[in-house]
Amino acid sequence: MATTAVAGVELMRRGANSMSGLPLADVSVPGLAGYEDLVFGGWDVNGQSLAAAAAEHHVLNDNQLSDTEDALSRVTPWKAVASSAFCRRIGGGNMREMRGHRAAIDAIISDIQQFKAANDLDDVVMINLASTERTPAEGEALRTADGFQRALDQDDPDIGPAMLYAAAAIEAGVAYGNFTPSVAADIPGLTELAERRGVPVAGKDGKTGQTLLKTVLAPAFRARALHVDGWFSTNILGNRDGQALEDPDSLKSKLGTKGNVLDSILGYKVEDHLVDIRYYRPRGDDKEAWDNIDVSGFLGHKMQIKVNFLCKDSVLAAPLVLEIARVLDLARQRGERGPQEQLSLFFKAPMTAGRRAPEHAFHRQERMLADWLGDKADR
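Quick note: the sequence shown uses our numbering, first residue 1, plus one each step.
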């Protein structure tokens, strides 16, 4: 996802017609950063350059690989803070050996500061695109900002890498977005800390394919009084995201963000809502999301709807990553703090202020973002 996003911006700089697929490409709002003004850096357990990563993942076509090779070859990941206890299936040789949580946070903040100074940047936004971690136990340490600080001092094992990166961003005053299902800034302790420090945060789990269609179709079924008797969803994908989800604990985190959408929109519990995700290596980044929907209509008659979405995972995700970064930066300029609900459009499990129930219906989420942008829009 990261490589595809960086390559897309580089192609824009070269004058290619790469604006398609960007939801906010036509929005003109004072302070909203231009795509070509974005500069990229980040961490990964794999130390290969972005050019090597792009060649390996086969998302870009041959012309795009050739046009972006020079620029992508100059971007190599910084050493990452990682933990096999939280993500068992993904490893690499580009990792930091840190003695404790505080040391890890200090190292991450140092990387951010060096990146900002070296590139003479106006501001920095952090987006989590790492592999899905297991969900930790909900202990006292994660429930308040003060409790989280004590847990950091004690190197609490329930604090995983995603939380450490989120904590580092908040500590550094950097807006933060979580595009993964991993537990991060959404724990009460870090949400409270973000509000105290005046840092905007958003997440979690980017809504790109199957759940996107659910949040579009379910409101229509409700409006037409079609009762959803059952909804079976299956996904096959062969990239590293799929590989990470072979771990049952990581898969549980992913299913947790996908499972609550329908009931919220429809207003009743769908008794037979099943979601199956499988790693299937030959598919690569070309994900297939297949849905069978059973509905009851007038006079109780049964009907079925079939949806088969053959898509490219990173091509769907990369433009959303760019838009989330731009909106978070604008939110920081506007003095916003804590959860940014206007970004709900882009997430399966949107963060909300006061931990109220999120809005999942796509058309309402779209209106929320348009209204927020429109407050200061240059029409």
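For each residue, glycine too, the CB sits at the ideal point set by N, CA and C. These numbers come from a predicted model, not from an experiment.
Can you list, in chain order, the residues of its chain with a C-beta nearer than 7 Å to that of residue i? Leave out the 5 residues immediately preceding and following it.
i	result
aspartate 329	Ala33, Asp123, Val125 and Ala175
aspartate 7	Note that residue 7 is alanine in the sequence shown here, rather than aspartate. Ala54, Leu60, Gln64, Thr68 and Leu72.
alanine 137	Asp158
methionine 98	Val81, Ala104 and Ala107
glycine 382	This structure gives no information on residue 382, because the portion of the chain shown stretches from 1 to 379.
alanine 331	Ala175, Pro200 and Gln340
asparagine 94	Asp44, Val45, Asn46, Gly47, Pro77, Lys79 and Ala80
threonine 144	Pro188, Gly189 and Glu192
Measuring only the C-alpha atoms, how far is residue i from residue j?
i	j	result
proline 188	aspartate 285	34 Å
valine 418	threonine 208	Since the first residue shown for the chain is 1 and the last is 379, residue 418 is missing from the structure and cannot be characterised.
leucine 193	aspartate 272	39 Å
proline 339	lysine 306	35 Å
glutamate 36	serine 20	15 Å
alanine 16	aspartate 70	16 Å
valine 321	histidine 301	42 Å
glycine 92	glutamate 56	15 Å
aspartate 294	aspartate 120	55 Å
isoleucine 170	glutamine 365	25 Å
aspartate 186	threonine 215	21 Å
tyrosine 268	alanine 103	47 Å
leucine 38	leucine 213	30 Å
arginine 283	glycine 238	5 Å
isoleucine 265	alanine 361	6 Å
valine 75	alanine 51	8 Å
aspartate 62	arginine 14	16 Å
alanine 184	glycine 203	9 Å
phenylalanine 40	alanine 225	47 Å
arginine 334	proline 200	10 Å
leucine 129	leucine 373	25 Å
serine 83	methionine 303	47 Å
glutamine 48	alanine 117	24 Å
arginine 196	aspartate 26	34 Å
alanine 151	serine 296	51 Å
alanine 357	alanine 223	21 Å
alanine 172	phenylalanine 148	16 Å
serine 233	arginine 281	19 Å
proline 219	phenylalanine 115	44 Å
valine 327	glycine 139	32 Å
Can you give me the Cβ contacts of residue i inside the same chain, cut-off strictly under 6 Å, excluding the 5 residues immediately before and after it?
i	result
glutamate 133	Phe86, Cys87, Gly160, Ala162 and Ser182
alanine 289	Gly209, Gln210, Asn235 and Phe309
glutamate 323	Pro23 and Leu24
aspartate 106	none
serine 314	Met1, Thr4, Val59 and Asp285
valine 9	Tyr35 and Leu38
arginine 278	Ile236
glutamine 342	Met368, Leu369 and Trp372
Compute the beta-carbon to beta-carbon distance between residue i and residue j, rounded to the nearest angstrom, for a pair I have assumed lies under 8 Å.
i	j	result
valine 59	threonine 4	5 Å
lysine 312	threonine 211	Rounded, the Cβ-Cβ distance is 16 Å, inconsistent with contact.
glutamate 359	methionine 368	7 Å
aspartate 146	glycine 100	The pair is not a contact, with the Cβ atoms about 19 Å apart (cut-off 8 Å).
tryptophan 231	valine 261	No, tryptophan 231 and valine 261 are not in contact; Cβ-Cβ is about 10 Å, not under 8 Å.
threonine 177	isoleucine 127	According to the sequence as given, residue 177 is glycine; it is not threonine. Contact flag correct, Cβ pair sits at about 5 Å.
leucine 142	alanine 166	Their Cβ separation, rounded to whole angstroms, is 12 Å, which puts leucine 142 and alanine 166 out of contact at 8 Å.
aspartate 241	serine 131	7 Å
Could you check where the alpha helix (DSSP H) with residue i kicks off and where it finishes?
i	result
histidine 101	101-118
methionine 12	2-13
histidine 363	362-374
glutamate 323	313-333
valine 261	261-266
glycine 300	It is not in any alpha helix (DSSP H) - glycine 300 carries neither H nor E in the DSSP assignment.
leucine 32	Premise fails: leucine 32 is in no alpha helix (DSSP H) and is neither H nor E.
phenylalanine 148	145-153
Would you give the residue range spanned by the beta strand (DSSP E) that residue i belongs to?
i	result
phenylalanine 232	227-237
leucine 274	272-279
aspartate 286	286-296
valine 125	125-128
Say the cut is 7 Å; is the CB of residue i nearer than that to a heavy atom of the ligand GDP?
i	result
methionine 95	By its list of ligands, the structure shown contains no ligand whatsoever, and the ligand GDP lies outside what it can speak to.
Excluding sequence positions up to five away, which residues of its chain have a Cβ less than 8 Å from the Cβ of residue i?
i	result
glutamine 113	Ala172
Uninterrupted alpha helix (DSSP H) stretches inside the segment 165-219 (no shorter than 4 residues):
Every alpha helix (DSSP H) stretch that sits fully inside the segment 165-219 and reaches 4 residues is listed by chain position as 188-197.
Of all the beta strand (DSSP E) runs that stay within the bounds of the segment 41-80, which reach a length of 3 or more residues?
List check, beta strand (DSSP E) in window: nothing returned.
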